[in-house]
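Going by this note's numbering, the first residue of the sequence shown is number 2, and it counts up by one from there. Where is the CB? At the ideal position from N, CA and C, for every residue including glycine. It should be emphasised that the depicted structure is a prediction, and the values quoted were computed from it without experimental measurement. Inspection log for the structure reproduced underneath, given as structure tokens.
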Amino acid sequence: VSDSRERVEPRCAVKEWMKQQLLRGYSAAVVAGTESRAYLEQLGLSPEAITQPWDVVDNQLFSSAAAAAAAESSKSDPEEFLCVSRFIAVKNHLGLLRAYGLYQQAGGRWNLRLVGSGPEEAAIRAGVSELPKPERVSLEPFRQLNALTDVYGKASAFVLASISDTWGLVVNEAMAAGLPVLVSSACGCTVDLIDHGSTGFCFDPLDPRTLAQLMHRIEAQSAQERLTMVVAARRRLESFSLASFSQALQDAAAYASANPAFSWRSRCIAQLLSHRLQ
């Protein structure tokens with residue numbers, strides 16, 4: 002199983018060679034999406050041996066639960082952007098706050114809700130205090146699944162500004178919940194899930210001005226434009242469902258059974274790695 006991507010970090014030639022040797026002993030793989038598939042192919046695994054997807058959520062659960070929560074919410078509740086992620090540096094909350102500050106300065110009316118926990122919380126709170134209207138940002142602790150669907154249901158749009166993210170399952174959740182999404186181009190899911198302007202919007206996480214502009218664009222969407230985007234997003238998610246995940250596992254098992262692989266090099270590398278991890 003792999004969701005690694007080649008572009009996430011600088012690659013060491015020795016480590017890449019070891020991975021190539023290790024993969025000689027594997028018969029099949031299940032990957033997250035397009036980029037992780039390309040990386041395994043680059044390392045020498047046959048395209049026919051690779052199935053997808055791996056990174057999926059229960060789309061129906063998020064769709065129905067979020068719809069129920071939205072129906073129960075008051076129409077007087079303020080509209081808000083939602084970000085659900087750990088409070089760590091690579092999730093780029095400070096970059097998101099810079100963009101949100103520009104959005105506020107240009108007359109943006111929606112609130113911002115940050116849900117999560119982690120070592121960057123103090124820095125995030127400091128960043129909030131420097132905004133033109135800090136009272137429009139709320140920080141809330143991590144939620145378990147049942148409570149999280151309620152949060153999605155009451156949000157107006159979702160944003161994830163990570164400067165590095167292997168996939169970003171919260172994007173699957175938000176799209177399934179019926180939210181327009183703004184997703185960093187550094188997230189692994191963007192290649193497979195985000196068709197810019199159709200299923201969501203994609204942005205450079207180091208460019209807060211563009212993100213602020215996209216926030217305004219989301220705010221200005223008509224009801225029909227929003228519905229069109231949500232429908233397109235859910236259609237895209239059909240290839241990233243529990244059923245497609247189950248089928249990928251079955252296909253990988255069938256291929257591995259019919260094409261068993263064996264390599265002494267792979268076995269030696271595996272032994273070496275297991276000793277180093279002990």
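Specify, as a first and last residue, the run of the beta strand (DSSP E) that ASN93 falls within.
One-based indexing of the sequence shown puts residue 93 at position 92. Looking at the DSSP string, ASN93 is not in any beta strand (DSSP E), and its letter there is neither H nor E.
Range covered by the beta strand (DSSP E) that runs through ARG114:
In the sequence shown, the residue the question calls residue 114 occupies position 113. Where ARG114 is concerned, the enclosing beta strand (DSSP E) stretches over 112-116.
Looking at the strands, I want to know which residues DSSP matches up with GLU81.
The residue given as residue 81 occupies position 80 in the sequence shown. DSSP, once it has assigned bridges, lists ASN112 as partnering GLU81.
Segment limits, beta strand (DSSP E) that includes VAL182
On the sequence shown, residue 182 is found 181 positions in, with the first residue counted as 1. Looking at the DSSP string, the run of the beta strand (DSSP E) that includes VAL182 is 182-185.
So, with DSSP's three-state summary, where would you put ILE219?
By 1-based counting over the sequence shown, the position of residue 219 is 218. Helix, per DSSP.
Beta carbon of CYS84, beta carbon of PHE159: below 9 Å?
Here residue 84 is taken as the residue at index 83 of the sequence shown, counted from 1. Here residue 159 is taken as the residue at index 158 of the sequence shown, counted from 1. It is a contact, given that the beta carbons lie within the stated cut-off.
Let me know the secondary structure DSSP gives CYS203 once reduced to three states.
Here residue 203 corresponds to residue number 202 of the sequence shown, with the count starting at 1. If DSSP states are grouped into helix, strand and coil, CYS203 belongs with the strands.
Please state if the CB of GLU80 and the CB of ASN60 are separated by a distance shorter than 9 Å.
On the sequence shown, position 59 is the one that residue 60 refers to. On the sequence shown, position 79 is the one that residue 80 refers to. No, the pair does not count as a contact, with Cβ atoms beyond the cut-off.
Note down the Cα distance separating PHE82 from ARG38, rounded to an integer number of angstroms.
Here residue 82 refers to the residue found at position 81 of the sequence shown. Here residue 38 refers to the residue found at position 37 of the sequence shown. Their backbone Cα atoms lie some 32 Å apart in a straight line.
With DSSP as the reference, label SER74 as helix, strand or coil.
Position 73 of the sequence shown holds residue 74. Coil, per DSSP.
What's the gap between the Cα of LEU98 and the Cα of SER157?
Here residue 98 refers to the residue found at position 97 when the sequence shown is read from its first residue. Here residue 157 refers to the residue found at position 156 when the sequence shown is read from its first residue. The straight-line gap from Cα to Cα measures roughly 17 Å.
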